[in-house]
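Residue numbers (the numbering used here): 19 to 414. Where is the CB? At the ideal position from N, CA and C, for every residue including glycine. See below for the structure under consideration.
Here it is in structure tokens:
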């Protein structure tokens, strides 16, 4: 049920899965977090298979915003590398309280967005009689959005045509970024019996951290290109509508940099990147329906990357991961279908953010209890700030 509700709104469900595995399964935080990632991966696979077949709610494009995803994914993956090491060495109560702070802030910002959207779609006067209400509750429509038209600028026409189709180049970039991260993870090994590099040695960390500058360089180049397309549209006289991102150079650099921190959080806190990136995409102006699809795509890469790294570090139990990933896949298909049926039927999207808000509140509430419990346990054992040895310690 967690994945069925969480995967379609692009948050994965780790904020609920982690305490659930700890409460019901008896796992420690260090074991529950990797297991939640494997479960999220199953839901993300199903969610993306469904979203790849859907179109943008008001523009002539796929549902996925490839500019946003390209700006975020490489640095997200870079951040997960650091996050995995943080999880393996940090006391459990600190990890749990970091989750609480992060989710609490995101719940606050999501509440503001939900309230604003609810006012626009429900409280404010209805549209004039006879005017058809679009999915966005505004004036967008196929006959009005600029992506269905031709402009005099040949460069912008090429951009419009390219944006109307799935970006295969972007998928190649995602595969390359993921491949670099996973290749380095395999080369450095982990804590398995057979590994090429000594765990904790100089070359172990060199290989582990090589992807970071590579991902940053790739993202910097992508950001320049995304901003160039945005500026070309403005020069051609195109006016962006509500629900479209304004990729100024400053916003490109800011949000791509914040993606590293989101990756660290996703890697060490066991929550899906969507909980951290989703509010960020809303701030840049992306439509909520598109935003949850984009974060769902990002989760596919962060969940797969961290799952492999957890396995190599001996933090993930493979048999449990496969079992729950299958249930996550089935739940993801069910939830995605139900969400888009509701969007088509009620032609409103405030409830998408409302569902996200409810899941954030539930996650935060559960984790407050777990954080206090872990802190008292650490105080009683005298290991409040004990640093774990990730080369030898195993989760239980």
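Helix, strand or coil: how does DSSP classify residue i here?
i	result
residue 72	coil
residue 109	coil
residue 38	helix
residue 154	Because residue 154 carries a pLDDT of 40, less than 50, the predicted location of this residue cannot be relied on, and the following value inherits that uncertainty. Three-state DSSP puts residue 154 in coil, outside helix and strand.
residue 85	helix
residue 138	helix
residue 174	helix
residue 160	In this predicted model, residue 160 has a pLDDT of only 45, less than 50, meaning its place in the structure is not dependable; the value taken from the coordinates is given anyway. Residue state, collapsed to three classes: coil.
residue 168	coil
residue 425	Residue 425 lies beyond the residue range present for the chain, which begins at 19 and ends at 414; the question has no answer from this structure.
residue 179	helix
residue 44	coil
residue 335	coil
residue 374	helix
residue 147	Low local confidence applies: a pLDDT of 44 at residue 147 is under 50, so the model's placement there is unreliable, with the coordinate-based value given in what follows. Coil, per DSSP.
Suppose contacts are defined by Cβ-Cβ distances below 9 Å. Is residue i in contact with residue j by that definition?
i	j	result
residue 88	residue 191	yes
residue 350	residue 65	yes
residue 323	residue 203	yes
residue 177	residue 232	no
residue 122	residue 313	no
residue 416	residue 274	The displayed coordinates of the chain run from 19 to 414. Any statement about residue 416 would go beyond what the structure contains.
residue 265	residue 326	no
residue 374	residue 137	no
residue 271	residue 246	no
residue 254	residue 133	no
residue 193	residue 83	no
residue 311	residue 294	no
residue 355	residue 70	no
residue 37	residue 385	yes
residue 59	residue 346	yes
residue 206	residue 105	no
residue 76	residue 163	yes
residue 235	residue 91	no
residue 108	residue 217	no
residue 182	residue 72	no
residue 131	residue 300	yes
residue 81	residue 74	yes
residue 250	residue 168	no
residue 61	residue 353	yes
residue 357	residue 195	no
residue 118	residue 389	yes
What does DSSP give as the partner residue(s) for residue i in the beta ladder?
i	result
residue 92	Paired residue(s): none; residue 92 is not in a bridge.
residue 80	73
Segment contact, 8 Å Cβ cut-off, at least three pairs: the segment 299-310 with the segment 363-377: By the Cβ rule, the segment 299-310 counts as touching the segment 363-377, because three or more pairs are nearer than 8 Å.
contact_flag[the segment 333-351, the segment 44-58] where n(CB pairs < 8 Å) is 3 or more: Output reads yes: the segment 44-58 touches the segment 333-351.
Segment contact flag, the segment 253-261 with the segment 108-121, C-beta cutoff 8 Å, min 3 pairs: no
Cβ contact (3+ pairs, closer than 8 Å) linking the segment 37-44 and the segment 308-320: Judged by Cβ distances under 8 Å, the segment 37-44 makes no contact with the segment 308-320, as fewer than three pairs qualify.
Sufficient close CB pairs (3 or more, under 8 Å) joining the segment 216-225 to the segment 89-102: no
Segments of 4+ residues assigned as alpha helix (DSSP H) that fall wholly inside the segment 182-218: 186-206
Start-end ranges of the alpha helix (DSSP H) lying completely within the segment 301-331, minimum 4 residues: Runs found: 306-330.
Every unbroken alpha helix (DSSP H) within the segment 221-276, with a cutoff of 4 residues, ordered by chain: 229-253
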